[in-house]
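Residue numbers (our numbering): 3 to 162.
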Amino acid sequence: MSGGAMIGPQAAFQGSRPGGQQVVMFRIGSESFALEAGMVREIIDPIPATRVAGARPHIDRIVNVRGNVVPLADIRERFGMPAAADSPDTRFLVLEVPLAGDPVVVALVADKVFAVTEVDPANCEAVPPVGTTWRPEYIRSIVKSGDEFIIVPELEQILN
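Laid out in structure tokens, this is it:
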């Protein structure tokens, strides 16, 4: 969606199938997000993280996940949210994200992770050009689920 291009509902989730797409729902701050379930390797309790000098603010720490050094992303800054301390509900989503065509493992801080659920790609809409404070290139689409709007983030843009 960068450069003003918007994607259609069918492109909101890669490999969408008729009737629905399995997603992991989670919250950061007061916003609800969804990621394709297939990109989530595991969901873990927070573990100690090491700051990396000179790193970008949204991905400035690393964690040891099963013997592998994994960058830890806190995307609050990208969405204009203030920093927040971990709570008892905080989890790390360990993801495999395609970056520049290559799969990269990264952990993402979430304030709360909900169940895996199914969303209908037909309910996906482009980001409105006005009325939001989010940078449109960071959002693949918005999904309407009941009375709630759920952000489908564009992780490649957010992490770069």
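Cβ atoms here follow ideal geometry from the backbone N, Cα and C, with glycine treated the same way.
Environment of A57 [buried if 16+ CB atoms lie within 10 Å]: Classification of A57: exposed, given that the 10 Å Cβ count is below 16.
Within 10 angstroms of its Cβ, does D88 collect 16 or more other Cβ (buried), or is it exposed? Residue burial is scored here from C-beta neighbours: D88 has fewer than 16 other C-beta atoms within 10 angstroms and is therefore classed as exposed.
Start and end residues, alpha helix (DSSP H) containing E150: It is not in any alpha helix (DSSP H) - E150 instead sits in the beta strand (DSSP E) that spans 150 to 155.
Alpha carbon of E38 to alpha carbon of F116, nearest angstrom: So the two alpha carbons sit approximately 13 Å from each other.
On the three-state DSSP scale, how would you describe I160? Residue state, collapsed to three classes: helix.
Quick check: what's the CA-CA separation for I160 versus I153? Approximately 13 Å, taken between the alpha carbons.
What residues are listed by DSSP as bridge partners for D104? Bridge partners of D104: L101.
Whole angstroms is fine: what's the gap from L95's alpha carbon to R43's? Within the model, the alpha-carbon separation for L95 versus R43 is close to 8 Å.
Taking 9 Å as the threshold (beta carbon to beta carbon), is Y140 in contact with chain C? Considering every chain present, this structure includes no chain C. It has just one protein chain.
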